[in-house]
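J.:
2 protein chains.
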Amino acid sequence: MSLNLSFDLEISKNMTRPTKKSTRIKLRILDNAVSEFARNGLKGTSVNTIAHRSGVSKSQLYYYFSNKESLYEKTLVHMIHIWQDLFKIENTDDGPENFLRAYIKRKMRLFFEHPEIAQLYSNEIAQGAPFLRKHWHLSKTQFDIGIKQINEWVGQGLMDPIDPQLLQLTVLGVTEFYGLHATQVRFLTGCDENSQFDFEYYTHEVTNLILKGCGIKF
Amino acid sequence: MSLNLSFDLEISKNMTRPTKKSTRIKLRILDNAVSEFARNGLKGTSVNTIAHRSGVSKSQLYYYFSNKESLYEKTLVHMIHIWQDLFKIENTDDGPENFLRAYIKRKMRLFFEHPEIAQLYSNEIAQGAPFLRKHWHLSKTQFDIGIKQINEWVGQGLMDPIDPQLLQLTVLGVTEFYGLHATQVRFLTGCDENSQFDFEYYTHEVTNLILKGCGIKF
DNA sequence: ACTAAAATTGACCAACTAGTATGTTTTTGT
DNA sequence: ACAAAAACATACTAGTTGGTCAATTTTAGT
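Chains as they are written, first to last, in this note's numbering: chain F, 553 to 770; chain S, 553 to 770.
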């Protein structure tokens, strides 16, 4: 039942679980904090619950994290690190179509398989990003790289002259939505709860819509 | 500072504030409950706070609402009523372009001006819609009307053969995103906090992207 | 083996939580 | 004017919350 996000998503660079016991515990706490904060928000989450879920006592948790807000902020940073490892803009040499296909697929998959991440993120942003604000410069860098790349493609006539900011934000919005609202999507499309809803199909169709919207021939 | 959602959005059919005192109080409480639940979730919200913000005592609130969960559910229903009043699918005679332009604009405006609504809704859905589930049949009806209309337009050759479910969900996703993540959008696009970010422009561009993505000529 | 540091425990506190119980005031129909 | 019902206030309970403290156990360096 445990998420074990860090391990799952191979955040640790060398792909081995951290040897040091203390950092292992910290990671375990952070993983549980992600899902708890995602579900109940900053105020609604009980530190006690996170501690118990992580198999440590409350005082033990307070030994590693000074207070609730600090834990919350560190949870956000933890999450944004995973985020950035996965969303690096790369393989741009293949041109806009292949890039966008791969990019959207990756984002869709992440949000779909780990809705808690989308939820935690979305919630913090919706509040005006009071805690995440100071860590945004990193996202901004990636975002600006994206702008440059899209503008290049536009210049090469590989796609219509589209606002690169708008394109990136729209992709983010759509993918986040499908991850976050999987339940609603399932209901509205009449897909019953148990049977897996057609992830591949939706990814493909959404991608096509966006590609066409950018005037990318395929 | 009060939201006064009900009045703001002219939910009351005759556009006059309800005469009966008790229903006026109830509405005031529900309005405040929307923003509180949106901000802090079901668990994180204090009934006391809602009461005080609404200018009533806690026991007074408990006189009108039997318990917290009931208040939460009634808040959701309250919100979904506003929702449905605003999102009725109409003016379809003008063809897909005009309809979609108006539709997206309405949705964008609502989410942008009242992010609390998007937030409350989004949060509930992300949890799997435990409370909203039983009230979904209404949304479903509207959704199915949309499907029929889009299929008609496709049949008439007014747009590419697109999955009508996908189109509707994507529109919902994008508009919700821009309302919910206004802060992030402002930051990433370099729009400073005070100056209003160009709502008209984004609405227009997003609409164009989607229209083009559907193969609607304009 | 000894010691200092790191890690862990459980008891504790003040503030807050949802919700109730018992009244008192106000409104309403007649 | 009067009784019944609706509306509201005050005080309270039992449980939970974030957070601390001192004491204890475990670990690591020598």
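Quick reminder that beta carbons are idealized off the backbone N, C-alpha and C, glycines included. On a predicted model such as this, the values are computed, not experimentally measured, just so you know.
Between which two residues does the alpha helix (DSSP H) carrying N650 of chain S extend?
T.: Per DSSP, N650 of chain S belongs to the alpha helix (DSSP H) from 647-665.
J.: Report all residues from its chain with a CB closer than 8 Å to the CB of L690 of chain S; omit the five preceding and five following residues, and keep chain order.
T.: Cβ neighbours of L690 of chain S beyond the five flanking positions: I632, Q636.
J.: Classify D696 of chain F as helix, strand or coil using the three-state DSSP reduction.
T.: DSSP places D696 of chain F in helix when its eight states are reduced to three.
J.: Please confirm whether E752 of chain S has its beta-carbon closer than 7 Å to some beta-carbon of chain F.
T.: So no, E752 of chain S is outside the interface.
J.: Quick check on the DSSP output: what are the complete alpha helix (DSSP H) runs of length 4 or more inside the region 565-637 of chain S, in order along the chain?
T.: If we require 4 residues or more, the alpha helix (DSSP H) runs fully inside the region 565-637 of chain S come out as 573-596, 599-605, 610-616.
J.: Kindly indicate if chain S contains any beta-carbon less than 7 Å away from that of A678 of chain F.
T.: So, interface residue.
J.: In chain F, what lies closer than 7 Å to W688 of chain S by C-beta?
T.: The contacting residues are F739.
J.: By alpha-carbon positions, which one of S:N600, S:V599, S:K595 ends up nearest to S598 of chain F?
T.: When each option's Cα is compared against that of S598 of chain F, the closest is S:K595.
J.: Mind listing which residues of the region 705-728 of chain S have their C-beta closer than 9 Å to chain F's C-betas, in chain order?
T.: If the cut-off is 9 Å between Cβ atoms, the region 705-728 of chain S has D712, I714, D715, Q717, L718, L719, Q720, L721, T722, L724, G725, V726, T727, E728 near chain F.
J.: Is there a C-beta anywhere in chain F that falls below 7 Å from the one on E649 of chain S?
T.: No, its Cβ sits nowhere closer than 7 Å to a Cβ of chain F.
J.: If you drop the 5 nearest sequence neighbours on each side, which residues of the same chain put their C-beta closer than 7 Å to that of G647 of chain S?
T.: The residues are L710.
J.: Can you tell me whether P713 of chain S is helix, strand or coil according to DSSP?
T.: Coil, per DSSP.
J.: Which word fits K700 of chain F, buried or exposed, when buried means at least 16 other C-beta atoms lie within 10 angstroms of its C-beta?
T.: Exposed, since its Cβ has fewer than 16 Cβ neighbours within 10 Å.
J.: Can you tell me whether R576 of chain F is buried or exposed, with buried defined as 16 or more other CB within 10 angstroms of its CB?
T.: Answer is exposed; the Cβ neighbour count stays below 16.
J.: With distances taken from CA atoms, which of S:Q708, S:G767, S:L582, S:Y730 is nearest G680 of chain F?
T.: Of S:Q708, S:G767, S:L582, S:Y730, the residue nearest in Cα terms is S:Y730.
J.: Buried or exposed: where does Q804 of chain S fall if 16 or more other Cβ atoms within 10 Å of its Cβ makes it buried?
T.: Any question about residue 804 of chain S goes unanswered here, given that chain S covers just 553 to 770.
J.: Using a Cβ-Cβ distance under 7 Å, would L662 of chain F count as near chain S?
T.: No, because no Cβ of chain S sits closer than 7 Å to the Cβ of L662 of chain F.
J.: Quick one, which residues of the region 601-622 of chain S are near chain F if we go by CB-CB under 9 Å, in chain order?
T.: Cβ contacts with chain F: none found.
J.: Kindly say whether M553 of chain F, judged by its beta-carbon, lies nearer than 7 Å to any beta-carbon of chain S.
T.: Note that M553 of chain F scores a pLDDT of 43, beneath 50, so its modelled location is shaky; the value from the coordinates is reported in the next line. No, because no Cβ of chain S sits closer than 7 Å to the Cβ of M553 of chain F.
J.: Who are the Cβ neighbours of E734 of chain F in its own chain at under 8 Å, not counting the five residues just before and after it?
T.: Note that residue 734 of chain F is Ala in the sequence shown, not Glu. Result list for A734 of chain F: F664, P667, F749, in chain order.
J.: What would DSSP say about F639 of chain F, mapped onto helix, strand or coil?
T.: Reduced to three states, the DSSP call for F639 of chain F is coil.
J.: Which residues in chain F sit within 8 Å of I762 of chain S, going by Cβ to Cβ distance?
T.: Those are L761, G765, listed as they occur along chain F.
J.: For F627 of chain S, count neighbouring C-beta atoms within 10 Å of its own C-beta (all shown protein chains included) and say buried if the count is 16 or more, exposed if not.
T.: Checking the sequence shown, residue 627 of chain S turns out to be Thr, not Phe. Under this definition T627 of chain S is a buried residue.
J.: So, is the C-beta of F666 of chain F closer than 7 Å to a C-beta in chain S?
T.: Sequence inspection shows His at residue 666 of chain F; the Phe mentioned does not correspond to that position. Not an interface residue.
J.: Span of the alpha helix (DSSP H) holding Q708 of chain F?
T.: Where Q708 of chain F is concerned, there is no enclosing alpha helix (DSSP H), given that its DSSP letter is neither H nor E.
J.: Identify whether F770 of chain F lies in helix, strand or coil by the three-state DSSP scheme.
T.: It is coil, neither helix nor strand.
J.: With a threshold of 7 Å between beta carbons, is T627 of chain F in contact with chain S?
T.: It does not; no Cβ of chain S falls within 7 Å.
J.: Return helix, strand or coil for G731 of chain S, following the three-state DSSP convention.
T.: Here G731 of chain S sits in helix by DSSP.
J.: Count the other CB atoms within 10 Å of the CB of G593 of chain S; is the residue buried (16 or more) or exposed (fewer)?
T.: Buried, by the Cβ-count rule.
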